[in-house]
Structure formats: C-alpha cells, structure tokens
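Peer 1: Numbered per the numbering used here, the sequence shown spans residues 3 to 291.
Here a beta-carbon is modelled for each residue, glycine too, at the ideal position from N, C-alpha and C.
Here the structure is a predicted model, which is why all the values come from computation and not from measurement.
Input: one structure, supplied below.
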Amino acid sequence: MRKTIKIFFAIIFIRSFSSCEDVIQIKLDEGTKLLVVDAFINDMRTPQRVRLTLSDSYFSGVNPPGVLGANVVLNDLTNSKSFNFTDIGNGDYNYNLNPLDTIAFVNHAYQLEVNYNGFKYTSTATEFRTTPVNDITVNYREATAFTNAGYYCVLWGVDKTGPVSDYYWIKSFKNGVFYGKGSQMNLAIDGAGGSGADGYLFIPPIASRITPRGEVFQSNDICRVEIHSLSLETYNFLDQTRSQTTNSGLFATTPENVKTNIITPNGATTKALGWFNVAAVGFMEKTIP
C-alpha cells in the first residue's frame, strides 16, 4: 500500500512540473493604430530621411508597416525655406542633397509637417552645436575570460565650453553598420554622463564605448564615429528609450510610455508618436591597420 502511495505522489509531482512547460496562448487586443514619426535630421551632406510607420501588435514578429501617400515638409523658420521630402514607397521620405549642400544650420529653428489622412502633424526643433572628433585611437588586445581578441577603438574629443550644457548622441559604426541596440546607445552631457564636465575630454566610459561591449574590430575594418548634437528634450527622450529597451532581468521596472514631441492635430483619429530633432554632426573614420 505504501509503495502504491509513493508512486501516486511521484506521478503527481512529475505532472505538476511538466505542466509548467505547457504553451499558453495569450490573445491581446489589437489596439488603435498609431502614426510613428522617426525624424532625426542632420547637417551632413547626405540624403536626409523621415520614416513614417504605423504601430503593430506586440507579438506580430514583423517590421511595422510603412505609411504611404503622406506629405512631408521641413520648414527652416529662420530663413523661410521649405524642403519637400519624396515618398519612395516603403515608409521612407527622402530629401536628396548634392555633396556640397546641407539643409541644417546651427541655431536655426525648424518645423516638421507631416500631412496624413487630411491632418497636419507638426513638431519644432532647433539645431544646436556639436564638437569635432579629434582622433580615433586603435589598440589590439588579447582575449581574456571576458573579452574577445581584436582591435578596440577609442574616441578623442573635447566638449565645448559654456555658456550652457551640450548634449550629444555618439554613434559608432563598423564597416558602415550602425551599433544601434539600446544597450549600445552612447549619450553624453558635456564630456561625461552628467553635469560638471563642461569643456573636458570625453571621459573613458564614453570614449571607449564606441567599441561596444562584446564587439571588436579586425584588421582592415573601418571604424566611424559621429557626434550628433541634441536638445535637452531629445537627450531625455533617448535616455528614456535606452532605459525601456534595456529594461529586463530580476530588477526590471514597470514599462512606461515613451515621450513624443509630435503634435497630433485636433480631430485626428490617428494619434502620433515619435520624435523630431535636427543635429549638427562631427565625424571621423579610421581604417584598422
């Protein structure tokens, strides 16, 4: 009898753990579609892009659908010029430039207009100054228990002094591929991660982060670094975005809605999310020997 009871409880114990492996299908409400605006314009002599998409369901597993047939205009409010972006058919709206031209200038104020479904969505931004990349140094390191063997690049740049704080997004690329994960986002206030470094060299944690953790460069790779100027509001938006995209693990916090500076017009049934910024950019490329 005792043997039978032991077997019975053993079966119950095993079934209770195996049931944890059952797949539970959760059906979520689709929710209302939102217009998502990605409008990071800069002063580089390259084609400028505004990307428009519609939000998708959380578990869709595909890229959000691009918005077609909208009208996108960038207005320079300082010198009363307008630039009409071309719909290229996949959600991208481009403005092509010749190599000697730019549409963005420091201290100019800009307005973005997105005309979609008969409504005009707007946002404003001012381009702030940036600082140049003075050098990129390259050092080879042998493999350790925590790092891979390869070349590590370090940024050398100096924040400009006063009269107010400068905000930067430091982007790095390997052979033209942007290190764009949330954990790789490299933001700075003046020369550091907070106030108090006005006019200083970028501190080592920021300067060395152009080679993100777990990444290395190899011989003949090209390392590119760009320092994009930001407004305080854009810095806060990107900092919040970084926090939300890396919010996981045992001590994860409750997710929150990311801010937007895109104004939805009265009466529009589709609300807008996203961000608009105009940046000055300092940059440099170096080929690994």
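When you compare the CB positions of lysine 162 and arginine 131, do they come within less than 8 Å of one another, or not?
Peer 2: Cβ atoms of lysine 162 and arginine 131: closer than 8 Å.
Peer 1: CA-CA distance, arginine 226 and threonine 271?
Peer 2: Roughly 42 Å between the two C-alpha positions.
Peer 1: Rounding to the nearest angstrom, what Cα-Cα distance links isoleucine 205 and isoleucine 212 in this structure?
Peer 2: C-alpha separation (whole angstroms): 12 Å.
Peer 1: Are the CB atoms of valine 75 and phenylalanine 278 within a distance shorter than 8 Å?
Peer 2: Not a contact, by the Cβ cut-off of 8 Å.
Peer 1: With burial defined as no fewer than 16 other Cβ atoms inside 10 Å of the residue's Cβ, what is the status of histidine 230: buried or exposed?
Peer 2: Its Cβ being crowded by 16 or more others within 10 Å, histidine 230 is buried.
Peer 1: Which runs of the alpha helix (DSSP H), 4 residues or longer, sit entirely within the segment 160-210?
Peer 2: As far as the segment 160-210 is concerned, its whole alpha helix (DSSP H) runs of at least 4 residues are 206-209.
Peer 1: Cβ atoms of asparagine 77 and glutamate 129: under 8 Å apart, would you say?
Peer 2: It is not a contact, given that the beta carbons lie outside the stated cut-off.
Peer 1: Mapping DSSP to helix, strand and coil, what is aspartate 58?
Peer 2: Of the three classes helix, strand and coil, the one that applies to aspartate 58 here is coil, per DSSP.
Peer 1: If you measure between the beta carbons of tryptophan 158 and asparagine 136, is that distance less than 8 Å?
Peer 2: For tryptophan 158 and asparagine 136, yes; Cβs fall inside 8 Å.
Peer 1: Which residues in the same chain as aspartate 103 place their Cβ atom closer than 7 Å to its Cβ, once the five residues preceding and following it in sequence are excluded?
Peer 2: Closer than 7 Å at Cβ, skipping near neighbours: Arg47.
Peer 1: What is the DSSP secondary structure of serine 231, reduced to helix, strand or coil?
Peer 2: Serine 231 falls in the strand class under three-state DSSP.
Peer 1: Return the residue from the list His110, Val69, Asn98 and Thr88 that minimises the CA-CA distance to alanine 281.
Peer 2: Nearest option by C-alpha distance: His110.
Peer 1: May I ask you to list the residues that DSSP assigns as paired with glycine 71?
Peer 2: Glycine 71 is not bridged to any residue.
Peer 1: Is the CB-CB distance between isoleucine 264 and tyrosine 123 below 8 Å?
Peer 2: For isoleucine 264 and tyrosine 123, yes; Cβs fall inside 8 Å.
Peer 1: Who pairs with methionine 286 in a beta bridge, going by DSSP?
Peer 2: Looking at the DSSP assignment, methionine 286 forms a beta bridge with Val227.
Peer 1: Between the Cα of leucine 2 and those of Asp45, Val52 and Ile43, spot the shortest distance and give me the residue it belongs to.
Peer 2: The requested residue 2 does not occur in the structure, where the chain is confined to residues 3 to 291.
Peer 1: Measuring only the C-alpha atoms, how far is glycine 71 from valine 283?
Peer 2: So the two alpha carbons sit approximately 30 Å from each other.
Peer 1: Where does glycine 276 fall in DSSP's three states?
Peer 2: Note: glycine 276 maps to strand in three-state DSSP.
Peer 1: Under three-state DSSP, which class holds aspartate 137?
Peer 2: Strand at aspartate 137.
Peer 1: Does DSSP put glutamine 220 in a helix, in a strand, or in coil?
Peer 2: Three-state DSSP puts glutamine 220 in coil, outside helix and strand.
Peer 1: Output the distance between the C-alpha atoms of asparagine 177 and phenylalanine 285, rounded to the nearest integer angstrom.
Peer 2: C-alpha separation (whole angstroms): 15 Å.
Peer 1: Note down the Cα distance separating tyrosine 154 from leucine 240, rounded to an integer number of angstroms.
Peer 2: Spanning the two alpha carbons is a distance of roughly 25 Å.
Peer 1: In whole angstroms, give me the CA-to-CA distance for glycine 195 and glycine 201.
Peer 2: Cα-Cα distance, rounded: 13 Å.
Peer 1: So, at 6 Å on beta carbons, what are the nonlocal neighbours of glutamine 242 in its own chain, with the 5 sequence-adjacent residues on each side left out?
Peer 2: Excluding residues within five positions, the ones whose Cβ falls inside 6 Å are Val260.
Peer 1: By the DSSP assignment, the beta strand (DSSP E) with isoleucine 43 in it spans what residues?
Peer 2: Run containing isoleucine 43: 37-44, per the beta strand (DSSP E) assignment.
Peer 1: Need the endpoints of the beta strand (DSSP E) that lysine 261 sits in, please.
Peer 2: Taken as a continuous stretch (DSSP letters only), lysine 261 belongs to no beta strand (DSSP E), as it is neither H nor E.
Peer 1: Rounded to whole angstroms, what's the CA-CA distance from alanine 274 to asparagine 150? Just pull it up for me.
Peer 2: Their backbone Cα atoms lie some 43 Å apart in a straight line.
Peer 1: Using a Cβ-Cβ cutoff of less than 6 Å, which residues in the same chain neighbour isoleucine 105 once the five nearest sequence positions on both sides are dropped?
Peer 2: For isoleucine 105, where only same-chain residues beyond five positions count, the Cβ hits under 6 Å are Phe85.
Peer 1: Leucine 232: buried (16+ other C-beta within 10 angstroms of its C-beta) or exposed?
Peer 2: Leucine 232 comes out buried.
Peer 1: Does the distance from the C-beta atom of glutamine 186 to that of proline 214 stay below 8 Å?
Peer 2: Yes; because the gap between Cβ atoms is below 8 Å, this pair is in contact.
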